[in-house]
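Chains as they are written, first to last, in full-length UniProt numbering: chain A, 1 to 356; chain B, 1 to 417; chain C, 1 to 295. The beta carbon of each residue, even a glycine, is placed where N, CA and C say it ideally should be.
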Amino acid sequence: MFYRQAGIRYTSYPAERQLWPLGIERVLMGLILALALIAPALLSPLLLSSYLLPWVIWSIAALGLNLLMGGAGQIHLGYAAVMAIGAYSATHAARAGLPFELSLLVAGLASAVIGVIFGAAALRIRGLYLAIATLAMQYIVDFAIGHIPAISGGTQATVATPTPRILGIPVEGPVGGYYIALVVCIVVTLFMLNLRRTSFGRALAAIREKDYAAEILGISAFRYKLMAFWTSSFIGGVAGAILVFCYYRSVSPEQFHLETSVQLVAMVIVGGLGSVLGTFLGAALILLAPLALSALVASLASSGLPIGSDLRAHLPLVLYGALIVGFLIAEPLGLAKLYDNARKYLLVWPFRHARS
Amino acid sequence: MLTTIRAAACAALAALPLLAQPVMAQDKVLKFATPQDFTVVYTFVTAEYNQGYRDYITLINERGGLGGIKIDVLVSDHGNAIQRGMEAFERSTRDGAILVDPLSTPVSRALVTRALQDKVNLITTMSGRSDAADGTVFPYVLPMSPSYWSQVARMVDYIRQEEKDLKGKKLAYVYIDTPFGRESLPLWEALAKKDGFELQTYPYAPPGNEQSAVWTQVRRFRPDWVFIGGGGVGQPVSIKEAIRNGIRVDRIASWVWLSESDMDVVGRAEAKGVLKFAVTEQGADSKVIKDIIAEVVDKGKGAGPKDKVGTSYYNVGVMAAALAAEGARKALEKNPTGPFTGEWLNAGLTSISKFDLGGFLPPITITPEDHQGGGQGKVARWDGVKWVAVTGWGAANQDIIWEMIRKQAAEFKATGK
Amino acid sequence: MDLALFGELIINGALVGLMYALAALGIVLVYRTSGLANLAQGAIAMLGGYLGWITIAWLGLHPILGALVAMVVMFAIGLGIERTTLRPLIGQPVIMIIMVTIGLEILMRGLVPGLLGSGVKRLDLGISDAPLFLGDMLINRTYLVSAGIALIIILATLALFNSRIGIMLRAVSDDQTASWSVGIRVEWAIAFAWGLAAVTGTAAGILWGGSQGVDWTLSLLLIKALAIAILGGLDSIVGVVVAGLIVGVAEAIASGLFDPLVGGGTRDIVACVIILATLLVKPEGLFGREHIERV
Chain A
1 MFYRQAGIRY TSYPAERQLW PLGIERVLMG LILALALIAP ALLSPLLLSS
51 YLLPWVIWSI AALGLNLLMG GAGQIHLGYA AVMAIGAYSA THAARAGLPF
101 ELSLLVAGLA SAVIGVIFGA AALRIRGLYL AIATLAMQYI VDFAIGHIPA
151 ISGGTQATVA TPTPRILGIP VEGPVGGYYI ALVVCIVVTL FMLNLRRTSF
201 GRALAAIREK DYAAEILGIS AFRYKLMAFW TSSFIGGVAG AILVFCYYRS
251 VSPEQFHLET SVQLVAMVIV GGLGSVLGTF LGAALILLAP LALSALVASL
301 ASSGLPIGSD LRAHLPLVLY GALIVGFLIA EPLGLAKLYD NARKYLLVWP
351 FRHARS
Chain B
1 MLTTIRAAAC AALAALPLLA QPVMAQDKVL KFATPQDFTV VYTFVTAEYN
51 QGYRDYITLI NERGGLGGIK IDVLVSDHGN AIQRGMEAFE RSTRDGAILV
101 DPLSTPVSRA LVTRALQDKV NLITTMSGRS DAADGTVFPY VLPMSPSYWS
151 QVARMVDYIR QEEKDLKGKK LAYVYIDTPF GRESLPLWEA LAKKDGFELQ
201 TYPYAPPGNE QSAVWTQVRR FRPDWVFIGG GGVGQPVSIK EAIRNGIRVD
251 RIASWVWLSE SDMDVVGRAE AKGVLKFAVT EQGADSKVIK DIIAEVVDKG
301 KGAGPKDKVG TSYYNVGVMA AALAAEGARK ALEKNPTGPF TGEWLNAGLT
351 SISKFDLGGF LPPITITPED HQGGGQGKVA RWDGVKWVAV TGWGAANQDI
401 IWEMIRKQAA EFKATGK
Chain C
1 MDLALFGELI INGALVGLMY ALAALGIVLV YRTSGLANLA QGAIAMLGGY
51 LGWITIAWLG LHPILGALVA MVVMFAIGLG IERTTLRPLI GQPVIMIIMV
101 TIGLEILMRG LVPGLLGSGV KRLDLGISDA PLFLGDMLIN RTYLVSAGIA
151 LIIILATLAL FNSRIGIMLR AVSDDQTASW SVGIRVEWAI AFAWGLAAVT
201 GTAAGILWGG SQGVDWTLSL LLIKALAIAI LGGLDSIVGV VVAGLIVGVA
251 EAIASGLFDP LVGGGTRDIV ACVIILATLL VKPEGLFGRE HIERV
């Protein structure tokens with residue numbers, strides 16, 4: 001009904017390739033953008049700083065990972081280590097007196113350089129082997145960060161991040177941090193949306209489907225795999241820097257352990273491999289569902305529901321595992337597919353079937 | 001399609017509680033939040049600690065609260081994840097919590113900046129940074145318990161008394177290779193210099209479920225005493241390996257992280273003689289624990305199984321709750337009308353004076369400058385069935401420790417590290 | 001560095017390595033039969049350890065009997081895991097399989113301690129802690145017995161693979177369609193492999209539980225198990241034994257030599273370095289069949 005295709009016609013090639021051909025989707029996008037911009041005024045500080053802000057930041061990171069996993073078909077179980085490199089290099093750069101904007105750039109570049117080293121493994125192995133190799137790298141980066149006092153910050157192993165300054169103006173509090181994260185998120189989202197319309201994106205897709213075939217078509221697997229790791233790690237590094245500057249306000253090794261990597265992969269998979277919208281939805285579900293459940297269980301327990309404290313405390317973990325397993329079995333294409341189904345249904349409504 | 005609808009329904013259900021409005025805070029209730037790690041690293045302590053904490057608060061409430069004002073404990077799990085710890089911190093302070101006790105070193109470290117900014121009392125009993133004892137730099141971070149530095153110093157002092165003189169003796173510090181285990185290394189070096197003993201340190205990889213290679217080296221060193229510095233699964237493994245490597249059981253010492261269940265894992269009889277630092281009276285014979293059993297547990301209001309009442313970590317939980325409640329009582333004395341904010345409670349907490357809970361605790365005095373409260377404790381020995389105190393309350397080498405505290409706190413102030 | 005210290009490190013490291021190898025066996029069994037990644041093996045071992053605790057410490061069965069009961073139950077659980085979560089995902093990309101097993105791992109790590117209690121539990125297998133000296137070298141008695149049992153189980157599995165059932169499993173791993181056409185029930189074979197993986201995981205969980213106590217940290221055996229499986233070759237049972245010995249000895253020597261130098265626990269890093277080195281130099285492992293597609 002709302003998803004009307006009638007009256008859409010193109011008079012130029014660029015028009016035909018626009019991101020959202022349907023009017024309703026453009027309206028929706030505008031609406032979401034507007035809501036995102038005025039969110040600090042609408043939401044309570046708790047919702048903003050504990051739910052919306054981390055959601056936006058984790059979405060940036062998950063988008064970066066999705067570029068690699070969904071776009072280029074490379075498995076990465078060490079993405080948190082890449083973020084850690086960004087977070088630490090940005091923190092130390094900013095503490096050394098570099099402006100915040102440049103520190104973000106340093107974060108991205110440092111992560112990209114080391115991320116490419118991760119990627120070098122992908123030139124030789126793939127699939128399960130690549131997954132295990134990246135897993136091992138995650139542990140090695142963890143170890144290096146934890147055991148070099150110059151990086152981790154000495155006995156207390158926590159380094160406070162300086163207040164970010166945009167053009168010299170200090171940005172304090174969750175609202176400022178939210179806008180920084182939002183701007184980065186919009187940039188990364190636009191990049192990801194446009195990716196599939198570029199030769200780079202198409203080359204990645206070719207490699208994802210079959211790297212031999214891509215090579216025969218004249219796409220250098222060597223070059224594009226490394227480029228995929230470079231780009232994705234750059235985004236990851238920036239996301240890690242944003243995470244510690246705007247949200248954690250301090251950086252410590254525990255923030256970027258293997259669990260974080262697994263969480264990111266879960267976001268991408270539950271959201272839908274290769275889907276931008278799905279990444280946002282996946283990040284929301286994986287991040288917020290356990291939080292929401294522990295809040296729910298806490299309120300149920302205080303109203304006298306007899307569940308043991310051990311079980312109660314473990315329920316969010318159970319739910320988190322169940323979400324991953326359940327989604328993979330029920331809908332391997334993820335949350336993005338759910339939206340796609342609804343959209344396809346509405347496209348032909350009130351009829352049930354049509355050419356999609 | 002059916003499966004997708006089902007999945008969508010699941011997703012919607014999961015998102016529901018987000019929309020639910022919080023229960024409005026009632027008047028005349030103080031809220032203490034205990035978001036703690038029930039699931040990941042601190043599993044060995046959290047359940048018992050939290051049970052003791054809640055049981056003591058229930059005891060206060062059953063007796064009519066603090067002059068009619070009841071205390072509400074908000075419990076949640078943060079799984080030692082900073083992300084979730086922060087969320088819990090924000091949520092509970094929004095719900096009106098004026099005191100947060102995360103019982104996790106990484107989470108409390110990450111919360112320090114927030115607590116200082118938001119003026120919420122961050123309690124770091126038996127966790128968190130040792131230098132938070134300096135109240136001038138960390139006004140809202142309150143360990144209110146002997147830091148690991150104080151515990152190590154006390155145990156070394158006990159060893160010195162046992163040996164008469166430590167000159168030429170060999171001490172080994174076997175520790176878990178995390179910031180928590182590494183934190184006391186500078187103190188060990190300072191003590192070795194002062195007392196003249198020979199020190200060797202041996203890190204093992206976390207979580208410490210396999211330490212044989214480390215102990216092979218410890219045995220070569222032929223130490224007179226071994227101090228094991230870990231927590232959780234690594235502790236009983238350390239003791240087992242020490243026994244196996246021919247180290248006398250009564251020459252093994254540790255800090256507060258040894259409990260009855262660790263002794264179970266080693267074997268109660270085999271572990272006879274192990275020493276540890278105790279911050280509270282041991283066992284269920286103290287008056288306050290008997291009161292809890294009579295007035296809370298036996299009335300079916302206990303927060304957990306009865307057989308855990310009076311265990312080491314349960315008693316530590318009681319201690320943390322008692323100090324928090326005493327702080328609130330002091331705050332009410334100072335300013336009975338409120339408003340009941342973090343600042344209000346902080347004034348009370350920092351004026352706790354010679355509080356010993358009927359002998360259950362050493363006399364603890366917290367001032368705006370000293371957030372540690374004296375660093376006193378007993379040395380307790382495992383007699384095969386229970387922990388038995390072998391000394392009275394006492395502290396040692398506090399001058400060295402305060403020098404280190406001031407140095408590190410000043411560093412934090414200067415650099416934010 | 002005196003020789004006795006060196007010898008002691010090597011012997012105890014080798015024993016520990018064999019115990020790790022038992023945990024790695026489950027990964028190899030599943031990969032060998034079905035080509036699937038099994039990253040849930042750590043949690044399976046944990047669950048097995050808890051079941052062993054139930055039968056031995058709680059119900060008071062004799063350790064051997066209790067372990068057997070736990071293994072039987074776990075065989076059924078292994079079949080169940082395959083039927084409910086792995087079979088629906090046949091034909092999905094590798095990352096899906098990896099993720100579903102990680103999801104299972106998380107699920108079990110929440111559910112099992114949630115239901116049975118998260119505190120460390122004592123599991124007494126009746127092995128004495130008294131030191132056992134070989135010249136000047138101390139051999140860890142628990143590890144010696146456990147490693148012996150681990151070796152027996154691994155050899156039994158190897159024997160099984162040479163029996164009629166084993167030939168069937170090997171046929172399935174060679175070519176599923178061809179096996180189907182000669183009348184082998186492929187689904188059954190894969191399910192059997194998962195059951196077997198659960199059984200060996202249980203043995204690993206119980207043996208490790210006996211030496212460290214039973215709690216969720218048993219699931220951390222995964223990374224060691226992966227290192228061994230990769231080094232030995234993901235489809236080689238002999239490789240598991242050899243790689244287990246290598247990883248165990250390397251870890252022990254590394255913590256003997258490097259820990260004092262870097263002032264940290266280097267043990268975990270050794271496993272990771274072994275993984276990386278193997279994958280970059282000889283991805284199929286020491287004894288694996290060379291059928292990996294190189295890029």
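C-beta neighbour in chain A for Ala37/C, strict 8 Å: Judged by the 8 Å Cβ criterion, Ala37/C is in contact with chain A.
Any chain C beta carbon closer than 8 Å to Pro332/A: True, the Cβ-Cβ gap to chain C drops below 8 Å.
Cβ of Gln255/A within 8 Å of any chain B Cβ: Answer yes: the Cβ-Cβ gap between Gln255/A and chain B drops below 8 Å somewhere.
Span separating the alpha-carbon of Gln21/B from that of Ser44/A: Legend: pLDDT at Gln21/B = 37, less than 50; position of this residue unreliable, value from coordinates given subsequently. One C-alpha to the other measures close to 12 Å.
Chain-ordered neighbours of Pro113/C on chain B, where CB pairs are closer than 8 Å: Going along chain B in sequence order, the residues near Pro113/C (Cβ under 8 Å) are Thr39 and Thr43.
Residue 418/B, enclosing alpha helix (DSSP H) - first and last residue: Because chain B spans 1 through 417 in this model, residue 418/B falls outside it and cannot be assessed.
Which of helix, strand or coil DSSP assigns to Arg222/B: In this structure, Arg222/B counts as coil in the three-state DSSP scheme.
Any chain B beta carbon closer than 8 Å to Thr158/A: Contacts with chain B at 8 Å (Cβ-Cβ) include Thr158/A.
Between the CA atoms of Pro164/A and Ala144/A - distance to the nearest angstrom: Rounded to the nearest angstrom, the two C-alpha atoms are 26 Å apart.
Residue range of the beta strand (DSSP E) that includes Arg114/B: Counting along the chain, no beta strand (DSSP E) covers Arg114/B; the unbroken alpha helix (DSSP H) around it starts and ends at Thr105 to Asp118.
7 Å Cβ shell around Gly201/A - same chain, five flanking residues per side excluded: Hits under 7 Å: Gly71 and Leu195.
C-beta neighbour in chain A for Ile82/B, strict 8 Å: Judged by the 8 Å Cβ criterion, Ile82/B is in contact with chain A.
Of the listed residues Ser76/B, Leu361/B, Gly384/B and Lys28/B, nearest to Leu275/B (C-alpha basis): Comparing alpha-carbon positions, the option among Ser76/B, Leu361/B, Gly384/B and Lys28/B lying closest to Leu275/B turns out to be Gly384/B.
8 Å Cβ cutoff, Ala133/A in contact with chain C: Chain C contact via Cβ: present.
Proximal residues of chain A, C-beta to C-beta of Ser118/C below 9 Å: Listed by position along chain A, the residues whose Cβ is nearer than 9 Å to that of Ser118/C are Asp310, Ala313 and His314.
According to DSSP, residues forming a beta bridge with Ile123/B: Looking at the DSSP output, Ile123/B sits in a beta bridge with Leu142/B.
Partners in chain A for Asp129/C, counting only beta-carbon separations shorter than 8 Å: Those within 8 Å of Asp129/C in chain A number zero; the least Cβ separation is about 29 Å.
Nearest-angstrom beta carbon gap, Ser238/B and Asn140/C [assumed within contact, 8 Å]: Contact doesn't hold; Cβ gap of about 14 Å is too wide.
Neighbour-count burial assignment, Val23/B, 16 or more Cβ in a 10 Å radius: The pLDDT assigned to Val23/B is 39, lower than 50, so where the model puts this residue is not dependable; a value taken from the coordinates is nonetheless given after this. With fewer than 16 Cβ atoms within 10 Å of its Cβ, Val23/B is classed as exposed.
is_contact[Leu46/A, chain B] using C-beta, thresh 8 Å: At least one chain B Cβ lies under 8 Å of Leu46/A.
DSSP beta-bridge partners of Ile176/B: Under DSSP, Ile176/B forms a beta bridge with Tyr204/B.
Gly288/C: contacting residues in chain B (beta-carbon distance under 7 Å): Under the 7 Å cutoff, chain B gives no residues; its nearest Cβ is about 26 Å from Gly288/C.
As assigned by DSSP and simplified to three states, the class of Ile64/C: Three-state DSSP puts Ile64/C in a helix.
In DSSP terms, what Lys121/C is bridged to: Beta-bridge pairing by DSSP links Lys121/C to Val214/C.
Beta-carbon contacts of Lys70/B that lie in its chain and below 6 Å, excluding the five residues immediately before and after: Val29 and Asn61.
Euclidean distance between Cα positions of Ile27/C and Asn38/C: Whole-angstrom Cα-Cα distance: 5 Å.
Best match in Ser12/A, Tyr13/A and Leu28/A for proximity to Tyr3/A [C-alpha to C-alpha]: Selected option, being the one with the closest Cα: Leu28/A.
Contacting residues, own chain, Cβ-Cβ under 8 Å from Ile180/A (five flanking each side not counted): Pro164, Ile166, Val171, Ile242, Phe245 and Cys246.
Helix, strand or coil at Arg87/C according to DSSP, with G and I counted as helix: If DSSP states are grouped into helix, strand and coil, Arg87/C belongs with the helices.
Residue-chain proximity (residue 302/C, chain B), Cβ-Cβ < 8 Å: No answer is possible for residue 302/C: it lies beyond the span of chain C, which begins at 1 and ends at 295.
Within chain C, partners of Tyr320/A - CB distance below 7 Å: What Tyr320/A touches in chain C: Ile106.
Simplified DSSP state of Ala278/B, which is helix, strand or coil: Correct three-state label for Ala278/B: strand.
Between the CA atoms of Leu332/B and Ala322/A - distance to the nearest angstrom: One C-alpha to the other measures close to 47 Å.
Outcome for Val265/A when other beta-carbon atoms lying within 10 angstroms are tallied against a minimum of 16: Buried is the label assigned to Val265/A, since at least 16 other Cβ atoms lie within 10 Å of its Cβ.
Cβ pair Gly342/B, Ile98/B closer than 8 Å: A distance below 8 Å separates the beta carbons of Gly342/B and Ile98/B.
Coil, strand or helix - Leu276/C by DSSP: Annotated three-state conformation of Leu276/C is helix, per DSSP.
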